[in-house]
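In this note's numbering, the protein residues as written are 9 to 452. Note that the Cβ used here is the ideal one computed from N, Cα and C, for glycine as well. Worksheet for the structure shown next.
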């Protein structure tokens, strides 16, 4: 009777963990932490190797030439005209980003790779934003961003002075803006993407396929699925696509015109574009050894889907192989490989099949994005590279965002148990660990 009344535990206190996880700020906090961890993993030993590796030998020397810096006489573009981009087969914009890093941090390994580091972090954030723009949940968006952070092909190229990471970021932002009904701005960003590398124009193919898929979906939406708004009149959608395409063309031609006038000898952007489009067809026939630039093994697009024909970008000798008189360019236990995380790419086809099924059965914005992005980037590469002399596994970089989003939505869409999700996350982390370039230095 006279005892103290026990305090009644509030429902929120009993389910404090669930309330915390359900807070809308939690995915954003985890996204920020993920971005910082990814940056740290890419920044570690960024000055190794201390010489340009793989295609850095082209783009770093092109950036040096643009900056009027000397190029060693035995390297690519030695003797090229100072101030003029000698790498004529690609637009100048991404090489200007590399040049900006060199101008800011010096003509050394960090300067060569600083811009790629920054754009690598931007890519993780942009993929999250793209999924949210497709009305995906914050957790699916975070899952896709997490997969990108531990995907080896993305990891390696986001710490190398090459072009591909730049085009991926602009494509992600451009498509996200389109999904947010900003077609003119989306087109402008896609035009900028094409000025880093012509494959940026594939974002327009993604947009077109996305619109086509919107009219194939049924009107019924299962309970629990976030549906897109009802489709407006076809003429309005056609006008939206046309606006995006026109803005992309104007931005591309306008920006390339400015870049050409300052950094190339092409008379106009049309002539430069014609040269870039015809560059591959004018190369010698594919060698019998199936190797391209820098003895990199070439491959066909269908091989990329099963992670075949990886490329060794850089390999330092092991301690046993390292000579006693080794110089500063010889790094023990370092191996950079152009190869996808096996636990990511081997799960790609099931995830894509599920997304395709869901596009046909219901109005699911994320599934539509998965199919549109993957088809819009991979199928053109499949056609373009059918008769090309040189094609490489790292061309999959522009395809991977669609695959990563597809895998991120696979587990919640299938309602798989939490143990399966945890097990897959551990497998992907293990795949990242085994491909991390500095095996000997981290005790692997």
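Q | Supposed contact pair residue 40 and residue 106 - C-beta distance, whole angstroms, cut 8 Å | A | About 27 Å separates the two Cβ atoms, so there is no contact after all.
Q | Through-space distance from residue 433 to residue 254, alpha-carbon basis | A | 42 Å
Q. From the DSSP output, which residues share a beta bridge with residue 320?
A. 345
(Q) Can you list, in chain order, the residues of its chain with a C-beta nearer than 7 Å to that of residue 348? Leave out the 5 residues immediately preceding and following it. (A) 159, 160, 161, 315, 404
**Q.** Where the alpha helix (DSSP H) containing residue 169 begins and where it ends
**A.** First-last for residue 169: undefined, no H or E at that position.
Q. What is the DSSP secondary structure of residue 275, counted as helix, strand or coil?
A. coil
Q) In terms of residue numbering, what span does the alpha helix (DSSP H) encompassing residue 38 cover? A) 33-51
Q. Around the C-beta of residue 222, are 16 or more other C-beta atoms found within 10 angstroms, so that it is buried, or is it exposed?
A. buried
Q: Round the Cβ separation of residue 186 and residue 215 to the nearest angstrom and send it over; I've been treating them as touching at under 8 Å.
A: 5 Å
Q: Using a threshold of 8 Å, state whether the C-beta atoms of residue 385 and residue 210 are closer than that.
A: yes
Q: Check the C-beta distance from residue 167 over to residue 116 and give it rounded, since I have them as a contact under 8 Å.
A: Residue 167 to residue 116, Cβ: 14 Å. No contact.
Q | Alpha carbon of residue 378 to alpha carbon of residue 410, nearest angstrom | A | 5 Å
**Q.** Three-state secondary structure assigned by DSSP to residue 355
**A.** coil
Q: Answer with buried or exposed for residue 72, where buried requires no fewer than 16 other C-beta atoms within 10 angstroms of its C-beta.
A: buried
Q | C-alpha gap between residue 145 and residue 191, whole angstroms | A | 23 Å
**Q.** Pairwise C-alpha distance: residue 276 and residue 62
**A.** 30 Å
Q | Sequence-distant residues of its chain with Cβ nearer than 6 Å to residue 335 (five each side left out) | A | At residue 335, the pLDDT of 42 sits below 50, so the modelled position is not reliable; the number obtained from the coordinates is stated separately. Nothing meets the Cβ criterion.
Q.
Three Cβ pairs or more, each shorter than 8 Å: is that satisfied between the stretch 246-261 and the stretch 418-437?
A. no
(Q) Only counting the same chain, and skipping five residues up and downstream in sequence, which positions put a Cβ closer than 6 Å to that of residue 312? (A) 401, 404
Q) If you follow the alpha helix (DSSP H) that residue 382 is part of, which residue opens it and which one closes it? A) 373-392
Q: Determine, using beta-carbon pairs with one atom in the stretch 199-210 and one in the stretch 143-157, whether at least three such pairs fall under 8 Å.
A: no
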